[in-house]
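Below: one structure, written as structure tokens.
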Amino acid sequence: MDIKATNYFDEMRIDDGKIRDIYQHYQHWQSNLSTGTLERKSAEAELLFRRLGITFAVYGESSGSERLIPFDIVPRIFSRTEWTRLELGIKQRVRALNAFLHDIYHEQEIIKAGVISKKQVLGNALYRPEMQGVDLPNQVYAQIAGIDLVRVAENDFYVLEDNLRTPSGVSYMLENRNTMMRLFPELFASHAVEPVEHYPQMLLDTLRESAPANVSNPTIVVMTPGSYNSAYFEHAFLASQMGVELVEGQDLFVHQQKVYMHTTDGPQQVHVIYRRVDDDFLDPLVFRPDSTLGVPGLLDAYCSGNVSLTNGVGTGVADDKSTYFYVPDMIKFYLGETPLLSNVPTWRLSEKDDLKYALANLPELVVKEVQGSGGYGMLVGPTSSKAEIETYKQRILKDPANFIAQPTLALSTCPTLVESGVAPRHVDLRPFVLSGKDIRLVAGGLTRVALSEGSLVVNSSQGGGTKDTWVLED
Amino acid sequence: MLSRTADNLFWMARHIERAENIARVLDVAHRTSLLPRDVEGTEANLWYAPLNITGCAASYEEKHGLARASVVTHYMALDPDNPSSIYTCLKIARENARTARSAITSEMWEIINATWLELKRLSEQMDYDYEKFPDFFDWVKDRSHLFRGVTLGTIIKDIALSFIKLGTFLERADNTARLLDVKYHILLTEKENVGSSVDYYQWGSLLKSVSAFEAYRKIYRDVISPLRVAELLILRDDMPRSLHACMDEVENALLEINGSAGKEARRSAGELHAALHFGRIEDIFEEGLHEYLTYFLGQTYSLSQNIRDAYLARQDRFETLPIGSSVQTQQQT
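Top to bottom, those sequences are chains R and B. Everything in the first sequence is counted per our numbering, starting at 1 for the first residue and increasing by one. Everything in the second sequence is counted per our numbering, starting at 1 for the first residue and increasing by one.
Written as structure tokens, this is what we have:
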């Protein structure tokens, strides 16, 4: 099916082809470049990225293969006014999600009030009964959240999904900016782009604030599954930017409910672990017994309050795609506020009527697995063949409760350098939200772009690229 | 510092240094092979030397049989299956650096990563093309120099640097000792001949391989004699690749690292260093150069083991600490 980009909200152009105010200056600069400059700079950027080793591994391909995420050199620009509005909505959402997590692991008021069913929460595979009654510093569970947003109109943003487990991509946000500044210093001299470079400092502050209450000068580490993990570059990057150790499970051990790392000067106690290891692999004594990535006894130390894990254990129950449906209700329930960001209308295929509707309208819908992520195993109806739809339908029928369906959103487009020149491509946005004693985020985020014409899937694992994201004074 | 990080830094440095030394060894073999045939015997004889130095003669023979110039060169430079080829060393160095990425500077990582990417490209281009190798050896040396320069110019002077130095100089000492020893094998089969036979070309190329030819001229202003070459490369502490100079650095690095667990490592390094500091070349020749070098290699090996046990292994040394919250206090002292 041929989708014309003109049907979508264009971030740079108004319908009659005029340039939006916020892009005026940039467009003027770009139109004065000599032919081939963008292409040349783009090749230069690729070299830079390769040299820096900013690579990721793609699952399902030959093991150990390292690939670059394509970087697009045309920035995506927000005005300060737009950003302030977004920021409020994002913070509101994250505040409600953390309140929800605290509630379900304590009093479960939201269930008692009948807003969400007991089954939806306690029956969820990502609900961790071990966490029931465990008190966390600041009552925060998801210290680092990635909220995926898409824009469909000037003032119309939707939350596509909440990432509350181990959201990744922030290193790309930082390196994209770094690369842009290296390639186009003149652009930054003539544009007052709000900085994002202080993200690691903000992250460090957040981690400090998340330390167990009685620790005044916490030792903080970043925990990685290892150098073969797809996001290893990011783990190492963040550790070095914050000046903390990058550890693997094998570097840690638990003694009398306290966590220590093996150092050249003997064991040293660790107080905050920014872990990029999934719940399942954290502690072989409690979760997957075959895990070699975790630390035996870690959960016990965590529940005793001697070490903080960020993000907390059991956050998956809140970013699950079937729980997503309830987030607007959470905002009303916990904050007494009207949601500032919309949810995408969602059909939960566990419900009979929803299933019936979805099956009848598959060619128009996007269908996702409830606990899937990274764009794996989803169906984009409008761009799928009849046969693909039929195959997917059989998958749904096997276990309808494992799927949700949403209308195909008209993701906005942003000018992007492709083979034929600069052309509109669909984008989304992932801002990174930090929650310690306060909620913070830098002005910017990771803009992901679907590089093939008409494609709506922006995930890097599915061949998407990224862009630098600017916030400018209007 | 995390033991695993220290381990990776130590081995990163060792592998880069090793790659450089292999390039040096091969470079000299190439130069020597250009000399008139009667000076250095058969091709096979000559090309066993570099294999012997790196201890891969047996695995080479198994794979390729007789030592031939282009095959040995390729095997030692680019064969991914050879655990001590330049290719493998730089590959492992890059893996070590990647794993210790957060402990090194971006500039250091960029050099190592760019080196590896370039090496992959070069290795496809060169194949067995013998002519291209001298340039390649220069390139390997250049990259190693560059890495050392970038390291000293960008990293803060804490124990990360000490572990890098430790790896570099322990490896260098090991290599210089092997180089000297193999020359001994080629030149002299009988112990009592040591010091009596002078082969200008052989000893000259040995000096060149460790960038010591000019230094020799400057210091001795005389013909090349084995005794002086050995003195220069073993005992002189102003010669950057001599055993003495290397052990100076190793001992210093260990003192910087300190730590209660490192007592034994510091002791054996100090002992080794003192022997070089006060040693006399006549005594070494009296004992036998080969015997001396064998002893030295044994000592550096056990020093390496001591370092591993003290700092790099992840064994649980918890019992050395009092129970309770003392760790926090320790941190502040």
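We treat Cβ as the ideally placed atom computed from N, Cα and C, and that holds for glycine.
Under three-state DSSP, which class holds residue i?
i, result
"VAL223/B", "coil"
"SER79/R", "strand"
"CYS414/R", "strand"
"ALA423/R", "strand"
"GLU124/B", "helix"
"LYS393/R", "helix"
"ARG14/B", "helix"
"GLU245/R", "strand"
"LEU68/R", "strand"
"SER59/B", "helix"
"VAL254/R", "strand"
"GLU369/R", "strand"
"MET261/R", "strand"
"PRO137/R", "helix"
"ASN82/B", "coil"
"LEU2/B", "strand"
"VAL286/R", "coil"
"ILE156/B", "coil"
"ILE14/R", "coil"
"ALA96/R", "helix"
Run through the DSSP bridge pairs and tell me what residue i is partnered with.
i, result
"LEU446/R", "ARG430/R"
"GLU161/R", "ASP148/R"
"ILE110/R", "Beta-bridge pairing links ILE110/R to no other residue."
"ARG275/R", "MET223/R"
"PRO267/R", "HIS262/R"
"PRO407/R", "LEU365/R"
"ARG217/B", "In DSSP, ARG217/B forms no bridge with anything."
"ARG440/R", "LEU434/R"
Is it right to say residue i is buried, meaning 16 or more other beta carbons lie within 10 angstroms of its own, or is it exposed?
i, result
"ARG266/B", "buried"
"THR212/B", "The residue asked about is misnamed: residue 212/B is Ala in this sequence, not Thr. By the neighbour-count rule (16 or more Cβ atoms within 10 Å), ALA212/B is buried."
"HIS145/B", "exposed"
"THR292/R", "exposed"
"ARG448/R", "buried"
"GLU171/B", "buried"
"ASP156/R", "exposed"
"LEU152/B", "exposed"
"ALA125/R", "exposed"
"ILE273/R", "buried"
"THR176/B", "buried"
"PHE278/B", "exposed"
"LEU33/R", "exposed"
Nearest to residue i by alpha carbon, out of the options?
i, options, result
"THR99/B", "ASN178/R, TYR357/R and LEU246/R", "LEU246/R"
"LYS467/R", "ILE104/R, ARG51/R and THR179/R", "THR179/R"
"LEU409/R", "PRO339/R, SER455/R, TYR199/R and THR55/R", "SER455/R"
"LEU238/R", "GLY336/R, GLN406/R, TYR199/R and ASN214/R", "TYR199/R"
"GLY316/R", "ARG128/R, GLU186/R, PHE325/R and VAL442/R", "ARG128/R"
"ALA360/R", "GLN92/R, TYR228/R, ALA405/R and ASP319/R", "ALA405/R"
"LEU297/B", "HIS277/B, GLY149/B and LEU272/B", "LEU272/B"
"ALA96/R", "GLY336/R, VAL370/R, SER452/R and ILE69/R", "GLY336/R"
"GLN143/R", "LEU309/R, TYR357/R and VAL367/R", "LEU309/R"
"SER106/B", "ASN82/B, LYS141/B and THR154/B", "THR154/B"
"TRP83/R", "ALA43/R, GLY444/R and ALA450/R", "GLY444/R"
"GLY465/R", "ARG275/R, ARG425/R, LEU441/R and GLU473/R", "ARG425/R"
"VAL295/R", "PHE188/R, ILE90/R, PHE253/R and GLN139/R", "PHE253/R"
Once the 5 residues before and after residue i are set aside, which same chain residues still bring their CB inside 7 Å of it?
i, result
"TYR48/B", "ALA57 and ALA67"
"PRO363/R", "GLY381, PRO382 and ILE389"
"ARG288/R", "ASP280 and PHE281"
"LEU298/R", "VAL254, VAL259, LEU282 and ASP283"
"THR115/B", "LEU90 and ARG143"
"GLY270/B", "GLU251"
With a threshold of 8 Å on Cβ separation, who are the neighbours of residue i within its own chain once the five nearest residues in sequence on each side are excluded?
i, result
"ASP148/R", "VAL159, LEU160, GLU161, ASP162, ASN163, ASP428, LEU429 and ARG430"
"GLU11/R", "ARG20, TYR23, ARG76, ILE77, ARG151, SER412, THR413, CYS414, PRO415 and VAL427"
Quick one: what's got a C-beta closer than 6 Å to residue i's C-beta in the same chain, skipping five residues either side?
i, result
"TRP470/R", "PRO75, ILE77 and VAL193"
"TYR345/B", "Any question about residue 345/B goes unanswered here, given that chain B covers just 1 to 333."
"TYR311/B", "ALA6"
"LEU38/R", "LEU417"
"PHE475/R", "Residue 475/R cannot be examined here, being either before or after the span of chain R that is shown, 1 to 474."
"HIS64/B", "VAL71"
"VAL366/R", "VAL380, GLN406 and THR408"
"LEU421/B", "Since the first and last residues shown for chain B are 1 and 333, residue 421/B lies out of range."
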